[in-house]
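Note sheet for the following structure.
Residue numbers (the numbering used here): 532 to 1171.
Structure (structure tokens):
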């Protein structure tokens, strides 16, 4: 079979952090003979070279190339491109990993859309990743119709024929932002770029030792020299005007303005802070015209103006003012309705712990501001003008893998008068509708945490939805919807909203049932369950005694369990357990939840009785055993 994808992994002293990468690459759903993995060892001095050589000897998919240290990732990636045989090449860093179906899905998506570049959805584990770009699939994306420029890391799939035709390669040597130069040119020269957003392809991981290359403090002079090379690419392939300004705005916003804001700026050493400011000021005055900064969000525009004027002290003062700005989010209701979980919340900005207030009417104050006080006044009026475009989003984030998905919803914007009415609070109220049956919304079973993301005035802030106990907001029961059990609950640690999908056991509330909740009429059994069931669904009642019977059952709309009991129950007591979603997990055994009642079959009728519970001695033995395990575990952790 021709090689479909060549995965290129530059390697330098990753230690144990390469193991997750290796496991994910060798466990791909793409047929083994349809892809290859090329590790380019850039002069590692740890045990990694031997580890990779042993791997290559055992697996024909793996090739290892050793070279002297080149100082950065550009040369290893280029060496990998020259060795690649695949139709596409995929760039992966040695401390990151892929989703199990990443190569197959990205390759098929690229072929289906005739894409030169395929951008797969990213999830950040301790690292920031683009969010807006992955709001939806984009089969035909360009820098004009999509925020492609937000994603400049190299973790893309690129058609090898495109690389050969254009001669596109990574800059080499000891330098930064080689990926910006490569990816920007790829976007601007590709015939088509496709963005796959419905499946997490790439997991961008922050190492426990924070030794990822991107977290090292950089030399401002060298960094912004390399940044200018990315700007050169934009100038080479675009004409002066709105498109070029929009692309330049990405570097102004992300690499410059955001580095000079709030605590991120204030936490830097004074000498480094000043050097950083001076280098950014030089780039802004050299390369950016007025059209670059003008469309920025208000706070970003203030910082950009201060930088352009070289006002270092005012930039520090504004960062000190802005450091007090935060987001508060209050849950208002969580309820099932029409098979959807509707989650309502309110969000607003605070400063130093109090709700922020703004002028009751926007205006057009003079620009640029002469001092920080005037900048704050201008900012307040501009935020009011733009409030009609502000929106809160509810995201569900998988706790284990960090994949996140936007939930559809509605927004209401409220201006709340304060005092004499000359000032107002700006409150955003959102209602999200989570559809548990939509696999693109909740693609995997597991624990999902609810976050609210708000963009307003140039602040983009994110916060868990909670804490609920303070606001006395109850959660509804678990729901059985479209073959899945979904349990909303408030977490113990944060008091924030989370969803347990397909895993909940005791918390489902089935343990609260009593024999009085069970009715038996002849051979027909009925139980009112504490569950939300919007439509009839199949279930299985398992009765265990001298043998076992799996009895087909029905969950009626409203949550009543109904079943016809087998005649073979006569003269026995049968423990009961319940499967709410039979056949839901392909290749896995159904999950049965124990019920707190048993069925005792007499000569003439069947009745429900309390389930047998272990005696007092057995319960004491179990508790003692659990306590000993905890003590031993604590001692081991302290001495290990």
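Idealized CB from N, CA, C, for every residue including glycine.
Just mark residue 911 as buried or exposed, buried being the case when its beta carbon has 16 or more other beta carbons within 10 Å.
By the Cβ neighbour-count rule, residue 911 is buried, with 16 or more other Cβ atoms within 10 Å of its own.
Could you spell out where the beta strand (DSSP E) holding residue 767 opens and where it closes?
From DSSP, residue 767 is part of no beta strand (DSSP E) but of the alpha helix (DSSP H) over 751–768.
Scan the stretch 581–636 and note each continuous alpha helix (DSSP H) run of 4 residues or more that stays entirely inside, going in chain order.
The qualifying runs are 605–614.
Excluding the five sequence neighbours on either side, which residues of its own chain have a C-beta within less than 8 angstroms of the C-beta of residue 506, listed in chain order?
This structure leaves residue 506 out entirely; the chain is present only between 532 and 1171.
Quick check: what's the CA-CA separation for residue 895 versus residue 913?
Between the alpha carbons of residue 895 and residue 913 lies a gap of roughly 8 angstroms.
Going by alpha carbons, who is nearest to residue 536 out of 601, 544, 618, 659?
If we check each option's Cα against that of residue 536, 618 comes out closest.
Using a Cβ-Cβ cut-off of 7 angstroms (strictly less than) and excluding sequence neighbours within five positions of residue 997, which residues of its own chain qualify?
Leaving aside the five residues that flank residue 997 on each side, the residues in its chain whose CB is nearer than 7 angstroms to its CB run, in chain order, 862, 1021, 1025, 1026, 1027, 1028.
How is residue 555 classed by DSSP in three states: helix, strand or coil?
Per DSSP, reduced to three states, the secondary structure at residue 555 is helical.
Which same chain residues end up closer than 6 angstroms to residue 909 when comparing Cβ atoms and leaving out the 5 residues on each side of it in sequence?
Apart from the 5 residues on each side of it in sequence, residue 909 sits with its Cβ closer than 6 angstroms to the Cβ of 896, 900 in its chain, given in chain order.
Integer-rounded CB distance, given that residue 1064 should sit under 8 angstroms from residue 1090:
Right, the Cβ-Cβ distance comes to about 5 angstroms (below 8 angstroms), so this counts as a contact.
Using only alpha-carbon positions, find the residue among 695, 752, 570 that is nearest to residue 806.
Residue 752 holds the alpha-carbon nearest to the alpha-carbon of residue 806 among 695, 752, 570.
Beta-carbon separation (whole angstroms), residue 797 vs residue 854, contact threshold 8 angstroms
With 8 angstroms as the limit, residue 797 and residue 854 qualify as a contact, their Cβ atoms being about 6 angstroms apart.
Cβ atoms of residue 714 and residue 756: under 8 angstroms apart, would you say?
Contact: no.
Quick check: the Cα distance between residue 1057 and residue 1067, rounded to an integer number of angstroms?
Approximately 14 angstroms, taken between the alpha carbons.
I need the straight-line Cα distance from residue 624 to residue 542, nearest angstrom please.
Cα-Cα distance, rounded: 8 angstroms.
Pick helix, strand or coil for residue 1143, following the three-state DSSP scheme.
Residue 1143: coil per DSSP, three-state reduction.
Determine the closest residue to residue 1043 out of 1124, 772, 1095, with distance taken between C-alpha atoms.
Comparing alpha carbon positions, the residue from 1124, 772, 1095 closest to residue 1043 is 1124.
Go ahead and pull the three-state DSSP assignment for residue 743.
Confidence at residue 743 is low in this model, with a pLDDT of 48, below 50, so its placement is unreliable and no value can be given for it.
Among 1080, 770, 1137, which residue has its Cα nearest to the Cα of residue 1110?
Closest option to residue 1110, Cα to Cα, is 1080.
Coarse secondary structure for residue 883, derived from DSSP in three states
Residue state, collapsed to three classes: coil.
Can you give the beta carbon distance from residue 568 to residue 556, rounded, assuming they're within the 8 angstroms contact cut?
Yes, they are in contact, since the Cβ atoms of residue 568 and residue 556 sit about 5 angstroms apart, within 8 angstroms.
Can you confirm whether residue 995, when its beta carbon is compared against all beta carbons of chain C, has any partner nearer than 8 angstroms?
Here there is only one protein chain, and chain C is not present.
Select from 622, 1050, 886 the residue whose C-alpha is nearest the C-alpha of residue 650.
The shortest C-alpha to C-alpha distance from residue 650 to any of 622, 1050, 886 is the one to 622.
Exposure label - residue 1112; buried when at least 16 CB within 10 Å:
That one is buried.
Per DSSP, which one or two residues make a beta bridge with residue 935?
Looking at the DSSP output, residue 935 sits in a beta bridge with 928.
Are the stretch 665–673 and the stretch 598–617 touching by the rule of at least three beta carbon pairs closer than 8 angstroms?
At 8 angstroms Cβ cutoff, the stretches do not touch.
Let me make sure I understand the geometry here. Which of 709, 1013, 724, 801 has the alpha-carbon closest to that of residue 689?
Cα-wise, what sits closest to residue 689 is 724.
Residue 967 beta carbon less than 8 angstroms from that of residue 1074
Not in contact: residue 1074 and residue 967 (Cβ atoms no closer than 8 angstroms).
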